[in-house]
Amino acid sequence: MNIKETIDFCISSAIKLGREVYNENLDFSDESIQTVKEILDGYHERYLHPENDNGLIKNRVNTYAHVFGIYVGEVLIRKSGGSYAWKDTEYGIVLAKDEKNIINPVGKASKQIVNGVEGGDDIKSFFDVATAIIRGEFLS
Numbered sequence: 125m126n127i128k129e130t131i132d133f134c135i136s137s138a139i140k141l142g143r144e145v146y147n148e149n150l151d152f153s154d155e156s157i158q159t160v161k162e163i164l165d166g167y168h169e170r171y172l173h174p175e176n177d178n179g180l181i182k183n184r185v186n187t188y189a190h191v192f193g194i195y196v197g198e199v200l201i202r203k204s205g206g207s208y209a210w211k212d213t214e215y216g217i218v219l220a221k222d223e224k225n226i227i228n229p230v231g232k233a234s235k236q237i238v239n240g241v242e243g244g245d246d247i248k249s250f251f252d253v254a255t256a257i258i259r260g261e262f263l264s
């Protein structure tokens with residue numbers, strides 16, 4: 125898959141999982157990021173207790189991080205007015221404005237699954253800060 129196909133697949137997977145598994149509508153709104161946070165919280169609990177799901181989440185952290193991290197990134201792109209775009213880098217798929225302004229929602233989603241909110245990794249807080257950066261409210 126090329127990067128566009130990967131992005132499209134992850135977004136459609138996030139929306140489908142939200143609807144079919146969690147009965148939630150991921151509609152690209154700011155409010156939908158709270159739903160993603162709650163989904164990732166559940167994955168973190170399953171990550172901590174792999175015996176409860178035969179290690180499914182522990183073995184698929186990267187997959188779920190891409191699915192939900194790319195969804196969060198797509199919400200950010202829509203807020204950025206096109207100033208940020210997906211880029212495939214040595215760090216994986218990230219949002220980039222230029223070489224210095226990079227946002228990594230996939231990395232943050234992965235960290236929330238592994239470390240949890242109690243470990244300092246919260247996709248909703250990340251989204252709020254990234255939104256401020258995109259709006260120029262933070263020096264990036």
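Count along the sequence shown from 1, then add 124; that gives the number in this note's numbering.
By construction, the Cβ of each residue, glycine as well, lies at the ideal position given by its N, Cα and C atoms.
Predicted model only: the values in this text are computed from it and were never measured.
Below 8 Å, too few C-beta pairs join the segment 205-220 and the segment 237-249 to call them touching: fewer than three. Taking the CA atoms as reference points, Phe251 sits about 9 Å from Gly197. Judged by beta-carbon spacing, Ile194 lies within the 7 Å limit of Ile131, meaning their Cβ atoms are closer than that value. Val199 places its beta carbon 7 Å or farther from that of Ala138.
Rounded to whole angstroms, the gap between the alpha carbons of Arg259 and Gly231 is 21 Å. Only residues of its own chain outside the window of five on either side were considered, and among them His168, Asp245 have a CB closer than 8 Å to the CB of Asn239, listed in chain order.
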